[in-house]
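Below is one structure, written out as structure tokens; the observations come after it.
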Amino acid sequence: MTLNDLYKAIRHAWLTYTIAAINFLVFGYELYLSGGLVVTDRALLRVALVNYLVIYYHEYWRLVSAIFVHLDWIHLAMNTFFLLYLGSQLEILVGRARFLVLYLTAGIFGNLLTLKFLGPFIISGGASGALFGIAGALIMIEGTLKRNIQMALGNAFFLFLINSWLPGVNWVAHLGGLIVGLAFGYNYGIYVRRKIARMEYWDLE
Numbered sequence: 001m002t003l004n005d006l007y008k009a010i011r012h013a014w015l016t017y018t019i020a021a022i023n024f025l026v027f028g029y030e031l032y033l034s035g036g037l038v039v040t041d042r043a044l045l046r047v048a049l050v051n052y053l054v055i056y057y058h059e060y061w062r063l064v065s066a067i068f069v070h071l072d073w074i075h076l077a078m079n080t081f082f083l084l085y086l087g088s089q090l091e092i093l094v095g096r097a098r099f100l101v102l103y104l105t106a107g108i109f110g111n112l113l114t115l116k117f118l119g120p121f122i123i124s125g126g127a128s129g130a131l132f133g134i135a136g137a138l139i140m141i142e143g144t145l146k147r148n149i150q151m152a153l154g155n156a157f158f159l160f161l162i163n164s165w166l167p168g169v170n171w172v173a174h175l176g177g178l179i180v181g182l183a184f185g186y187n188y189g190i191y192v193r194r195k196i197a198r199m200e201y202w203d204l205e
């Protein structure tokens with residue numbers, strides 16, 4: 001990618017790149033709290049999703065802050081790559097406002113399911129729930145426009161399975177984000193199909 005390509009990508013999908021920058025800033029704060037280059041439990045207790053603190057101390061802000069928290073450098077690098085690759089596509093396709101609503105809703109819903117189905121002493125963080133929302137939306141939009149929803153669902157859950165079996169992965173957050181993304185993608189695909197149908201109707205006139 002040339003500098004000109006990077007400039008165009010940032011200009012047309014600047015919200016995606018802004019979220020990536022926020023992730024790096026939050027990770028820098030985690031390292032500051034950790035006092036080194038490795039994120040410690042002490043830092044995660046301050047900013048991550050700690051089920052016990054949300055359930056019993058009502059620290060609901062963690063449902064949002066945890067979306068931008070990452071556990072280590074590899075976690076941050078992988079999520080940043082998929083955010084820039086998939087997020088920029090979806091932002092350009094559906095617009096910044098819809099993209100932001102999807103991103104936050106998918107991330108928060110995944111964290112809510114984590115509270116519901118995992119134990120109170122679970123500590124988690126990361127953009128994975130939101131990223132599964134993006135992936136699910138892209139898959140379902142394509143499936144809806146091509147009228148092949150069954151294949152879209154199959155592809156989405158195959159993606160879920162291959163990315164959620166490793167130990168320590170919060171598969172509940174993945175599933176929650178994916179469900180939100182599929183619902184968003186289906187509704188947006190129907191919206192686009194109706195717009196296309198209206199255009200075709202007026203062309204016939």
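The letter at position 13 of the sequence shown is residue 13 when you use the UniProt record's numbering, and the numbering goes up by one with no holes.
Where a beta carbon is used, it is the ideal one built from N, C-alpha and C, also for glycine.
Please read all numbers here as calculations on a predicted model, not as lab measurements.
If only complete runs of 3 or more residues are kept, the segment 118 to 164 shows no beta strand (DSSP E) anywhere. Residue environment: Thr-16 is assigned as buried (16 or more neighbouring CB atoms within 10 Å of its CB, all protein chains considered). For the options Val-26, Arg-46, Leu-83, the alpha carbon positioned closest to that of Ala-130 is the one of Leu-83. When DSSP states are grouped into helix, strand and coil, Leu-49 belongs to the strand group. Residue nearest to Ala-152 within the set Asn-23, Ile-162, Tyr-60, Leu-138 is Leu-138 (criterion: CA-CA distance). Exposure of Val-38 is indicated by the presence of fewer than 16 other C-beta atoms within 10 angstroms of its C-beta. Phe-132 and Met-199 have their C-alpha atoms some 32 Å from each other. The DSSP-derived three-state label of Val-69 is coil. A contact between stretches requires three or more CB pairs, one per stretch, nearer than 8 Å, and the segment 112 to 124 meets this requirement with the segment 170 to 186. With respect to Thr-144, Tyr-103 sits apart: the two C-beta atoms are not nearer than 9 Å.
DSSP, read as helix, strand or coil, puts Gly-36 in coil. Contact between the segment 68 to 75 and the segment 37 to 55 is established, with three or more Cβ pairs separated by less than 8 Å.
The C-beta distance from Leu-76 to Ile-134 rounds to 17 Å, too long to fall under 8 Å, and the pair is not in contact. By a beta-carbon distance limit of 8 Å, Gly-110 contacts Gly-177. Their separation comes to about 4 Å. Contact between Leu-45 and Gly-125 fails: their C-beta atoms lie close to 11 Å from each other, not under 8 Å.
Between Asn-23 and Thr-80 a beta carbon distance of about 6 Å is seen, short of the 8 Å cut, so the two are scored as contacting. About 6 Å separates the Cβ atoms of Gly-181 and Ala-106, confirming a contact at the 8 Å cut-off.
Assignment of His-58 by DSSP, reduced to helix, strand and coil, places it in the coil class.
In this structure, Gly-87 lies near Ile-19, with their beta-carbon atoms less than 9 Å apart.
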